[in-house]
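Using the numbering used here, the first residue of the sequence shown is number 12, and each one after it goes up by one. The beta-carbon is built from N, C-alpha and C at its ideal position, and this holds for glycine as well.
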Amino acid sequence: MAIAADRTYQEGSAATAPESRRRPSVEIRYRAFDIVAASALLILFMPLMLVIAVVIRFESRGRAIFRQRRLGRSQSQFTVHKFRTMQQGASQDVHREFVLGLIAGQAPPETEEGPRFKLAGDDRITRAGRILRRYSLDELPQLWDVLRGDMSLVGPRPALPYEAERYPAHWFGRFAVKPGITGLWQVSGRSELTMEEMIRLDLEYVERRSLRLNIWVVLRTLPAVVSARGAG
Numbered sequence: 012m013a014i015a016a017d018r019t020y021q022e023g024s025a026a027t028a029p030e031s032r033r034r035p036s037v038e039i040r041y042r043a044f045d046i047v048a049a050s051a052l053l054i055l056f057m058p059l060m061l062v063i064a065v066v067i068r069f070e071s072r073g074r075a076i077f078r079q080r081r082l083g084r085s086q087s088q089f090t091v092h093k094f095r096t097m098q099q100g101a102s103q104d105v106h107r108e109f110v111l112g113l114i115a116g117q118a119p120p121e122t123e124e125g126p127r128f129k130l131a132g133d134d135r136i137t138r139a140g141r142i143l144r145r146y147s148l149d150e151l152p153q154l155w156d157v158l159r160g161d162m163s164l165v166g167p168r169p170a171l172p173y174e175a176e177r178y179p180a181h182w183f184g185r186f187a188v189k190p191g192i193t194g195l196w197q198v199s200g201r202s203e204l205t206m207e208e209m210i211r212l213d214l215e216y217v218e219r220r221s222l223r224l225n226i227w228v229v230l231r232t233l234p235a236v237v238s239a240r241g242a243g
């Protein structure tokens, strides 16, 4: 799929509003797709999710589910749910500094494989957490967030509030739709992409959003996850 990442987006302009925002009946079809697909995936993965929860509790102190405030559609805040992959009470300052540096255009750290656009070698992450992150299994509880209506199966990555405070104006178009568990950037390289490339793919999704594209992304997600390509 060609990546058209050279468009200009302005917050609140017509260019940021996908067709579904102008046609409520289309949005109803997106919601129906999310409910049916998320329900089926929850039934399918529930045994695995129970095993993961037990492993997390066995390995380290604290709850199995991690909750965090994120920004959704129209920058409204909601609570996202993930399997906990770090030690209980781990500081978020390291991640904040890293991400804000990327937004500011600072060069990412170099590794043997090249520059890394996602934190690697983080000693806050548990042994089980490294496996969960590698195969994106920590994202499974977000299926509940889809059923609750806070997220969609496919959409832009749910942003942290402190990230959005540093966004340039043309990045805010990504808030025109609900955030997703997966999206174009997740099936196009994950953490191998730069921050700018991730945002451009989110903006491309907002403009090209369709049920056909959503199905294509969902079908591409499983091979991308199994291969662990670009995993942080």
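Assigned secondary structure, residue i (DSSP; H/G/I helix, E/B strand, else coil)
i      : result
Gln86  : helix
Leu222 : helix
Leu233 : helix
Ala170 : strand
Met206 : helix
Ser163 : strand
Val91  : strand
Exposure label - residue i; buried when at least 16 CB within 10 Å
i      : result
Ser163 : buried
Ser87  : exposed
Gly116 : exposed
Phe69  : exposed
Val237 : exposed
Cut-off 7 angstroms between Cβ atoms - residues of its own chain near residue i, not counting five sequence neighbours on either side
i      : result
Arg107 : Tyr173
Ser85  : Phe186
Asp156 : Val91, His92 and Met162
Cβ-based neighbour list, residue i, same chain, cut-off 8 angstroms, excluding 5 preceding and 5 following
i      : result
Leu111 : Tyr173, Glu174 and Arg177
Alpha carbon of residue i to alpha carbon of residue j, nearest angstrom
i      : j      : result
Ser102 : Ser36  : 43 angstroms
Phe94  : Ile67  : 8 angstroms
Arg135 : Arg145 : 15 angstroms
Leu171 : Ala43  : 27 angstroms
Contacts around residue i, its chain only, beta-carbon distance under 6 angstroms, and the 5 residues preceding and following it disregarded
i      : result
Met209 : Trp196
* At what residue ranges does the segment 24 to 80 contain a whole run of the beta strand (DSSP E), taking only runs of 3 or more? -> none
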